[in-house]
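Take a look at the structure below.
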Amino acid sequence: MPFSKTTSPELLLARYRSLMADVPVVIFAGLSATAIQVVALQDGIDWRVSVAMPMVRMTLAAMLFIYWFWHREDNPGIDKVRWRLRAASIVLVFSGVVTFFRSLYLFNHTDSFGHYFLIIYMTLFGLCFAFILSKIGLAAFIYNFLLISAALVCIFMGDFEHPYVLAGLVLVFEVGMLFAMRASTNVFDRLVNATYETHSLLEENQRLANLDALTHLPNRRQFFMHVEQQLARAKRTADRFAVGIVDLDNFKPVNDVYGHHIGDLVLTEMGARLARIKIAGVQFYRLGGDEFAFQVVTDPQHMILRQIGKEVNRVISQPIIADGILISIKASIGACVFSNTKDTAQELYEHADFALYHVKRTGRGSMEIYSQTLEEERQHLNKVDQALRAADLEAELFPVFQPIVNVNSGTISSFESLARWNSPTIGIVPPAVFIGVAESLGIISDLTRLMFQKSIIVMGTWPAHIRLSFNLSAYDVTNKAVIEELIYMVAQSRIHPSRFVFEVTETALLQDFTTAKDNIELLRQSGARIALDDFGTGYSSLSHVQNLPLDKLKIDRSFIKDIETNPTSQTIVRSILALCQGMQVECVAEGAETASQVQFLQQMGCQLIQGYFYSKPMAQEHIQNYLDERSVTADLVTPGLVASEMLLPGKVA
Numbered sequence: 119m120p121f122s123k124t125t126s127p128e129l130l131l132a133r134y135r136s137l138m139a140d141v142p143v144v145i146f147a148g149l150s151a152t153a154i155q156v157v158a159l160q161d162g163i164d165w166r167v168s169v170a171m172p173m174v175r176m177t178l179a180a181m182l183f184i185y186w187f188w189h190r191e192d193n194p195g196i197d198k199v200r201w202r203l204r205a206a207s208i209v210l211v212f213s214g215v216v217t218f219f220r221s222l223y224l225f226n227h228t229d230s231f232g233h234y235f236l237i238i239y240m241t242l243f244g245l246c247f248a249f250i251l252s253k254i255g256l257a258a259f260i261y262n263f264l265l266i267s268a269a270l271v272c273i274f275m276g277d278f279e280h281p282y283v284l285a286g287l288v289l290v291f292e293v294g295m296l297f298a299m300r301a302s303t304n305v306f307d308r309l310v311n312a313t314y315e316t317h318s319l320l321e322e323n324q325r326l327a328n329l330d331a332l333t334h335l336p337n338r339r340q341f342f343m344h345v346e347q348q349l350a351r352a353k354r355t356a357d358r359f360a361v362g363i364v365d366l367d368n369f370k371p372v373n374d375v376y377g378h379h380i381g382d383l384v385l386t387e388m389g390a391r392l393a394r395i396k397i398a399g400v401q402f403y404r405l406g407g408d409e410f411a412f413q414v415v416t417d418p419q420h421m422i423l424r425q426i427g428k429e430v431n432r433v434i435s436q437p438i439i440a441d442g443i444l445i446s447i448k449a450s451i452g453a454c455v456f457s458n459t460k461d462t463a464q465e466l467y468e469h470a471d472f473a474l475y476h477v478k479r480t481g482r483g484s485m486e487i488y489s490q491t492l493e494e495e496r497q498h499l500n501k502v503d504q505a506l507r508a509a510d511l512e513a514e515l516f517p518v519f520q521p522i523v524n525v526n527s528g529t530i531s532s533f534e535s536l537a538r539w540n541s542p543t544i545g546i547v548p549p550a551v552f553i554g555v556a557e558s559l560g561i562i563s564d565l566t567r568l569m570f571q572k573s574i575i576v577m578g579t580w581p582a583h584i585r586l587s588f589n590l591s592a593y594d595v596t597n598k599a600v601i602e603e604l605i606y607m608v609a610q611s612r613i614h615p616s617r618f619v620f621e622v623t624e625t626a627l628l629q630d631f632t633t634a635k636d637n638i639e640l641l642r643q644s645g646a647r648i649a650l651d652d653f654g655t656g657y658s659s660l661s662h663v664q665n666l667p668l669d670k671l672k673i674d675r676s677f678i679k680d681i682e683t684n685p686t687s688q689t690i691v692r693s694i695l696a697l698c699q700g701m702q703v704e705c706v707a708e709g710a711e712t713a714s715q716v717q718f719l720q721q722m723g724c725q726l727i728q729g730y731f732y733s734k735p736m737a738q739e740h741i742q743n744y745l746d747e748r749s750v751t752a753d754l755v756t757p758g759l760v761a762s763e764m765l766l767p768g769k770v771a
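With my numbering, the residue at position 626 of the sequence shown is 744, and numbering never jumps.
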């Protein structure tokens, strides 16, 4: 019927399901009414009309019931629904036509009782069946029209008193029924449409709840949901299911320098690039910020996983132009392969995150897969974490000092204070380990205050020309309260502020450059000096040198270890020395371990050198002896001698 072409599929399916629920009622009513008609009209009429034809109808109704019963649990597609409704419409109209003419025939061959019976029969059938089957649409109205028309024709064909009254009564009920049919159908349609719209909104909300609005990748919630599902499957099938975390290196400077608008453009482009990676089975997600993730079923040799790592690095490292700005960034990746049936989604994520932490700590721009070695390291860090939480920092934390030597005079320019921790439960813990743990625990500033206080006490025993070089963490340099407390401690020490040199790294500056710059200026205004540590390894070194009130640059040890053989390192060191000379700031070369390195640096014009050649970091009780030895060495220095002739390694703690 026409309605099946114009009605929406959702509404059509709803009408079909509602109609299917009414089929038993219609069949039962039809069979009962037909049986009553056979009993009422069998006398005086040809049995083929009064009995045989109703029996055929009853047989067809029984077959229809069997068909319905057999398919009652079906969930057909929209095409099959249209076909079934169209077939039902044709059957209903055909039944109405047959009933119309059969009723007129019966009316002419029955007595007055038969006349009244047929009029009531056709009126009730026309009203009730049409109402029940109204969801079929136009066919129900045609069926109603045929049966009510037959009733009206019979009224005027018979010998009734007041036929117009009877016809009027039928029409009154007919009009009421038509209005009821229309209202019922409209209410049903509105209810279905409202339900569908609500369902669509819920689906859209669900989709949005699982989708990152910026990159249109699945979000963190979807990631964990899919990992849970894949993990359950892997536990049944022993699949080598893997998860990975992708972190954009040096992305924060993009936001800080160019603003969040450019940062969003970069993230959008990176999401699009990841989505275009076509490796079978891999799905990428955005977890938040500049952190993305993926999950995939890999192979025993992890070839698929490594292929993903290479492809991610390839697409991420390609330059991007955002609003005319050329930006280049890289990615670090941590991954973990499911290996234990007790693993949870959260544990897989944490292991991948630790692998990522390892990559970013040891060398960015690559991928690390969680391994037994990393598991042992993680367990060790957990022990460090627990020990640090329970530590008596006053008793267990102490400073050691490494000298910075003026190679021209042989004198000590300053000592750099370095933190050491001797835990009664796990022993000596390297600062590279416990500093990161302290930062994660939020107690790094407590360590800073304690170390600075102890360093000032030791500094009080030094000659007046020797400075103290002290390192500030990223949290310290961006925390005004900590900076003000350090300034107060300098003032209370009664040591001239110019003897204090605060070292900051470019990594620390990247956290919040504006706040760091303001705090560094506070330190400088107090009379202290500022050094930029690990110079040459950051991401925007020249801009930092230009915008910060610096007194000293420290050349990173990575350029010193091969200074004698690597032309690139030589060029970089010469450039930094020339930069410092032009800016009239001091320059310190870190990591000199041999006399030949010291001699090479001196010949290049480097005046201040720090490294194992002079001394490893020493405890405070060895400093005086070291100073005495250096004093003797300095007295023996003859101008013009090369470094290898005039410098002697100091006493090592």
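Glycine included, every Cβ here is placed at the ideal spot set by N, Cα and C. Keep in mind the model is a prediction, meaning the values are calculated, not measured.
- Boundaries for leucine 251: no alpha helix (DSSP H) harbours it, and the DSSP string shows neither H nor E there.
- The straight-line gap separating the alpha-carbon atoms of isoleucine 690 and phenylalanine 677 is approximately 8 Å.
- Classified as buried, glutamate 292 has 16 or more neighbouring CB atoms from the shown chains inside 10 Å of its CB.
- Nearest Cα to cysteine 705 within the set Gln728, Ala713, Asn684: Gln728.
- The Cβ-Cβ distance between proline 735 and valine 518 falls below 8 Å.
- About 7 Å separates the Cβ atoms of valine 361 and alanine 453, confirming a contact at the 8 Å cut-off.
- From the listed residues Cys724, Glu493, Gln643, the smallest Cα separation to serine 457 is found for Glu493.
- In the structure shown, the three-state DSSP call for tryptophan 539 is strand.
- Counting only the Cα atoms, asparagine 323 lies some 10 Å from histidine 317.
- Here cysteine 454 is bridged, per DSSP, to Val361.
- If you check the CB distance, leucine 565 and alanine 609 do not come in under 8 Å.
- Looking at the backbone, the Cα of phenylalanine 552 and that of valine 502 are separated by about 7 Å.
- Between glutamate 557 and serine 591, the gap from beta carbon to beta carbon is short of 8 Å.
- Where methionine 388 is concerned, the enclosing alpha helix (DSSP H) starts and stops at 378–393.
- A Cβ-Cβ separation of about 5 Å places threonine 543 in contact with alanine 505 under the 8 Å criterion.
- Under DSSP, the beta-bridge partners assigned to alanine 707 are Ile673, Ile727.
- In the three-state scheme derived from DSSP, where H, G and I count as helix and E and B as strand, proline 418 is classed as coil.
- A direct Cα-Cα distance of roughly 21 Å separates alanine 331 from tyrosine 376.
- The Cβ neighbour count for asparagine 226, taken over all protein chains shown within 10 Å, is under 16; the residue is labelled exposed.
- If you look at alanine 440, you'll find it in the beta strand (DSSP E) that goes 438–440.
- Look at asparagine 304 here: in three-state DSSP terms it is helix.
- Comparing alpha carbon positions, the residue from Lys679, Gln571, Leu296, Ser267 closest to cysteine 246 is Leu296.
- Annotation: the continuous beta strand (DSSP E) that includes arginine 404 extends over 401–406.
- Note on geometry: alpha-carbon atoms of glutamate 315 and alanine 132 lie some 13 Å from one another.
- In the structure shown, alanine 331 falls within a coil segment according to DSSP collapsed to helix, strand and coil.
- With fewer than 16 other CB atoms across the displayed protein chains lying within 10 angstroms of its CB, proline 548 is exposed.
- Less than 8 Å separates the beta-carbon of aspartate 365 from that of lysine 478.
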